[in-house]
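Data first, discussion second: the structure below is written as structure tokens.
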Amino acid sequence: MEFDAIYASYEDGIDTTGQDEGKPQKRRGRRCLVLKTVCLGLICVLLLVFITLYITITAERDLLKSYKNTAEEFNHTINSLQDNYTDLMSEKDQLKNSFNSLSQKKLELETRVNDLSVEKGQLQRSVESLSQKKLELETRVASLSEELTKVFKEGYQCSLDGFFMSNKPMSWSESRQFCRDRGADLIIINTEEKQRCISSFKERVWIGLSDIENEGNLKWVDNSTLIQGFWTEGEPNDDKGIEDCVEIRYSCSSSNLNNWNDLPCSEKRKGICEK
Ligand code: 291
Ligand code: CA
Ligand code: CA
Numbered sequence: 003m004e005f006d007a008i009y010a011s012y013e014d015g016i017d018t019t020g021q022d023e024g025k026p027q028k029r030r031g032r033r034c035l036v037l038k039t040v041c042l043g044l045i046c047v048l049l050l051v052f053i054t055l056y057i058t059i060t061a062e063r064d065l066l067k068s069y070k071n072t073a074e075e076f077n078h079t080i081n082s083l084q085d086n087y088t089d090l091m092s093e094k095d096q097l098k099n100s101f102n103s104l105s106q107k108k109l110e111l112e113t114r115v116n117d118l119s120v121e122k123g124q125l126q127r128s129v130e131s132l133s134q135k136k137l138e139l140e141t142r143v144a145s146l147s148e149e150l151t152k153v154f155k156e157g158y159q160c161s162l163d164g165f166f167m168s169n170k171p172m173s174w175s176e177s178r179q180f181c182r183d184r185g186a187d188l189i190i191i192n193t194e195e196k197q198r199c200i201s202s203f204k205e206r207v208w209i210g211l212s213d214i215e216n217e218g219n220l221k222w223v224d225n226s227t228l229i230q231g232f233w234t235e236g237e238p239n240d241d242k243g244i245e246d247c248v249e250i251r252y253s254c255s256s257s258n259l260n261n262w263n264d265l266p267c268s269e270k271r272k273g274i275c276e277k
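Residue numbers for the sequence shown follow the numbering used here, so the first one is 3 and each next one is one higher.
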């Protein structure tokens, strides 16, 4: 329906009791007013719509802006997290390398410790056995020096220069020959000092005394007669009538100077030679 028709029907409805005079002007004025009102209304509506749209758009723009900002912040955070992640990964790799090399070193050190423990064990055993040996040697040294002191004390009055012993046990005559072959003869013991000295040999040895030529007449190898003898008790006894040569019969009681014995000349003894 058109506006004019609407207005016409409207005017017709209102003006049932009005006068006919000046009616078209009034009707036009009213129509103008209605039009104005409608226009105003429309304008108001449009304004309202416009304002609403403006507010909505502005709000959405702000929202978008804030979304954009948030997205940028997220991006920024993601980037920095990515950087951190990369750094952490490289740090992790370095730590892993360090861990591997330290593990390797630990293994090597463990092996070394094991080797050293084995070596320590061996050295300890060596030390123990060496200590044992040292103790034994110390004991031996002590006993040897004791023996040396004893020998020295016993023999200090004599010089062994010019005396020597035959190298193996032989008969009295063979031992004598051994000495003579070396510019010496069996020893003649005509002093206590000499007897003490020879006793320090601590062996059963021939001396240069015999009664080979004349039983019971003991003579030294230089043909001199025996003056002082150092006989064991009960000697000489010419046992079985066959003992014509004299030995020093070493006895452990070194203080006993009386240690001579007559013996069969065929017995084997080393001899003491004197130059
Ligand atoms: C006895 C004593 C000695 C004797 C000796 C010999 C050793 O000592 O009667 O006077 O000279 O026997 O019978 O004879 C041999 N061949 O060695 C024994 C021991 C110390
Ligand atoms: Ca005899
Ligand atoms: Ca005898």
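Ideal Cβ placement from N, Cα and C applies to all residues, glycine included.
None of the values given here were measured: they were computed from a predicted structure.
- request: Following the continuous beta strand (DSSP E) through Ile-209, name the residue where it begins and the one where it ends.
  value: 207-212
field: Close-in-space but distant-in-sequence residues of the same chain around Ile-189 (CB under 6 Å, 5 per side omitted)
entry: Ile-209, Gly-210, Ile-274 and Glu-276
- request: Indicate whether Ser-212 and Trp-174 have their beta-carbon atoms separated by less than 9 Å.
  value: yes
task: Under 8 Å by Cβ, that's how I've got Arg-206 and Ile-250 pegged, so tell me the actual separation to the nearest angstrom.
output: 7 Å
- prompt: Would you say Ser-202 and Cys-181 are within 9 Å of each other, going by their C-beta atoms?
  reply: no
message: Applying the 10 Å Cβ sphere with the 16-neighbour rule, what's the burial state of Val-40?
response: exposed
field: Any non-hydrogen atom of ligand 2 closer than 8 Å to Pro-238 Cβ
entry: yes
message: Please report the straight-line C-alpha distance between Gln-2 and Gln-126, rounded to a whole angstrom.
response: Nothing about residue 2 can be reported from this structure: the residues present for the chain run from 3 to 277 only.
Beta-bridge partners of Gly-273, as assigned by DSSP: Trp-208
query: Is Gly-231 near ligand 2, judged by its Cβ being under 8 Å from some heavy atom?
result: no
message: Lys-242 and Lys-170 - do their beta-carbons sit closer together than 9 Å?
response: no
message: Looking only at its chain, what residues have a beta carbon closer than 7 Å to the beta carbon of Ser-268, apart from the 5 residues adjacent to it on each side?
response: Ser-173
- request: State the start and end residues of the unbroken alpha helix (DSSP H) segment that holds Phe-180.
  value: 174-182
- prompt: If you count every other CB in all the chains shown that lies within 10 Å of the CB of Lys-270, and 16 or more means buried, which is it?
  reply: exposed
- prompt: DSSP three-state call for Cys-46: helix, strand or coil?
  reply: helix
query: For Asn-225, which of helix, strand or coil comes out of DSSP?
result: coil
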